[in-house]
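Each number in our numbering comes from the position in the sequence shown (counting from 1) with 30 added on.
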Amino acid sequence: MEEKRRPIINEAVLILVVLLVVSFSLNAVALSDCKRLAEENHHLKLEYEELHHEYAELYKSVHHEYPPGHIEEHVEEHPREVPEEHVEEVPPEH
């Protein structure tokens, strides 16, 4: 009877070993993907910080030259003249 049980135990051990190898392989792939994504995330974060800094500088320079309300005041003081050739006659509504 003992001889018949040994192949079953050997097969079970073999299946467990295969499952462990597959599990470790999948974990290694997942770990490498995580590392790659972490590096990509780091590069994107640096790029974001650089763009945010550029935006902040542009925002400061624009608001220094044109404070809020300045453009509206300028338009009111200097309305733009439209040349006659660009004016279209609009028929009155009935």
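For glycine and all other residues, C-beta sits at the position ideal for the given N, C-alpha and C.
Alpha carbon to alpha carbon, what distance is there between residue j and residue i?
i	j	result
Met31	Asn71	Residue placement at Met31 is flagged as unreliable, the pLDDT there being 48, under the threshold of 50; the coordinate-derived value follows with that caveat. Each residue's alpha carbon lies about 60 Å from the other.
Lys75	Glu84	14 Å
Val92	Val59	49 Å
Ala42	Val51	14 Å
Leu56	Asp63	11 Å
Ala68	Val48	30 Å
His108	Glu79	39 Å
Glu159	Glu102	Limits of the chain in this structure are 31 at one end and 124 at the other, which puts residue 159 out of reach.
Val120	Glu114	14 Å
Leu61	Leu88	40 Å
Pro122	Pro97	41 Å
Asn40	His73	50 Å
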